[in-house]
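Below is one structure; the comments refer to it alone.
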Amino acid sequence: MSSRPTGSRYGRISKGITGVTVNFNLSTGDASAQRSGCVVVGVHKGGRLSGASEQLDKACEGALARIIKRAGFDGEVGHALMLTGIEALTPDRVLLIGTGRASTLDAAGFRKLARRAAQELVNSGARDAVSYLAQLEVKDQDCEFCVRESVIALATAAYRFDALKNDASKRDPVALKKLGVAYPDGARRVAQEALAQAQALADALNLCCDLANLPGNICTPSYLADRARQLGRKHDKLNVNVKGEPEMKRMGMGALLSVARGSRQPPRLITMQYQGAAKNVKPIVLIGKGVTF
């Protein structure tokens, strides 16, 4: 008797889970002219405005600076202030994110403020947004880093695992469906490459979260093998090999087979080879352990 569940729900899960439904793209233009549910801009320590926030302040004739002063927004790294209903501004919302001192913002500080911005966006109810955080200057980093971290932070914050909830009222969908990432002038090519990298990393992180969240009666060794084969079919440079119990016996893998005897599910040994570098480059080997029963 198998412990694998049956039915349409398992059928959907076996084809993959979409934990994040936000689409990412690059954006340009003045922050004040964005027809968006929200624009995200940085504010330096002491309430000093950055390039994008200066654009907004100019469009509303100094109203933004006055609001910042009245609210006592200090611009410390990761502090946030959501504003709505500012007349003369096209965006529905303005999310201010503290950057600290402009001269001392480093990689760790940017990751912190990117995570805070992502969480605020997810909770805002906005359906689309444009972030200008990638235009900030970060010590020893470039536009590629800022674009990548902005996307990964939002993808992580927007991740949901609702695939096993039959009751729709108990699901927690994210309203945000689109994020535009504004990049510095002259950096489009670098930004495009960074966006592609970030989307790939976000997909990988979400797949790992899906597999970790699935119960053991679904995420069996055979399920893991099926998902690995799906990835292999999707990517030309990825070769996937799955060994079953007979092959493992011939290879003398007694320890793995002994552990597998504690489960109804037959073991699988999955090898994934990504040929992304020249043949004379030394390979990097990662060994993981997926314990499923």
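For what it's worth, my numbering labels the leading residue of the sequence shown as 254, then goes sequentially. Cβ atoms here follow ideal geometry from the backbone N, Cα and C, with glycine treated the same way.
With 16 or more other CB atoms across the displayed protein chains lying within 10 angstroms of its CB, tyrosine 476 is buried. DSSP places asparagine 466 inside the alpha helix (DSSP H), whose first and last residues are 441-466. Contact check for leucine 366 against threonine 357 fails: the beta carbons are separated by 8 Å or more. With fewer than 16 other Cβ atoms inside 10 Å of its own Cβ, glutamate 340 counts as exposed. Taking one beta carbon from each stretch, the region 487-501 and the region 431-449 have fewer than 3 pairs nearer than 8 Å; the two do not touch.
For the region 275-319, the full-length beta strand (DSSP E) segments reaching 3 residues or more read 276-280, 292-297 along the chain.
Its Cα nearest to that of serine 303, the residue Ala355 stands out among Ala355, Val292, Val330. Pairing serine 280 with arginine 380, the inter-Cα distance amounts to about 16 Å. Residue environment: glutamine 528 is assigned as exposed (fewer than 16 neighbouring CB atoms within 10 Å of its CB, all protein chains considered). Judged by pairs of C-beta atoms under 8 Å, the region 401-417 does not touch the region 315-329, as fewer than three such pairs exist. Residue burial is scored here from C-beta neighbours: arginine 323 has fewer than 16 other C-beta atoms within 10 angstroms and is therefore classed as exposed. Rounded to the nearest angstrom, the gap between the Cα atoms of leucine 336 and threonine 545 is 47 Å. Comparing alpha carbon positions, the residue from Glu329, Leu334, Leu467 closest to phenylalanine 363 is Glu329.
Under the 10 Å beta carbon count, aspartate 345 is surrounded by 16 or more other beta carbons and is classified as buried. Using a Cβ-Cβ distance cut-off of 8 Å, the region 412-430 and the region 388-397 are not in contact, since fewer than three pairs of beta carbons, one from each stretch, lie closer than that value. In this structure, leucine 374 sits away from valine 347, with a CB-CB distance that is not shorter than 8 Å. Only residues of its own chain outside the window of five on either side were considered, and among them Thr343, Pro344, Val383 have a CB closer than 7 Å to the CB of glutamine 287, listed in chain order. Relative to arginine 369, the option among His488, Lys431, Gly295 whose CA is nearest is Gly295. Around the beta carbon of serine 511, fewer than 16 other beta carbons sit within 10 angstroms, so the residue counts as exposed.
Between glutamine 394 and alanine 449, the alpha-carbon positions lie close to 18 Å from each other.
DSSP places valine 400 in the helix class (H, G or I) of the three-state scheme. With a minimum length of 4 residues, the unbroken runs of alpha helix (DSSP H) contained wholly in the region 476-533 fall at 498-503, 507-513. Shown here, leucine 349 sits in a strand according to DSSP, grouped into three states.
Under the three-state reduction of DSSP, valine 330 is assigned to coil, being neither helix nor strand.
Taking every protein chain shown into account, the CB of glutamate 500 has fewer than 16 other CB atoms within 10 angstroms, so this residue is exposed. Out of Ala457, Gly315, His297, the CA that lies nearest to the CA of aspartate 327 is found in His297.
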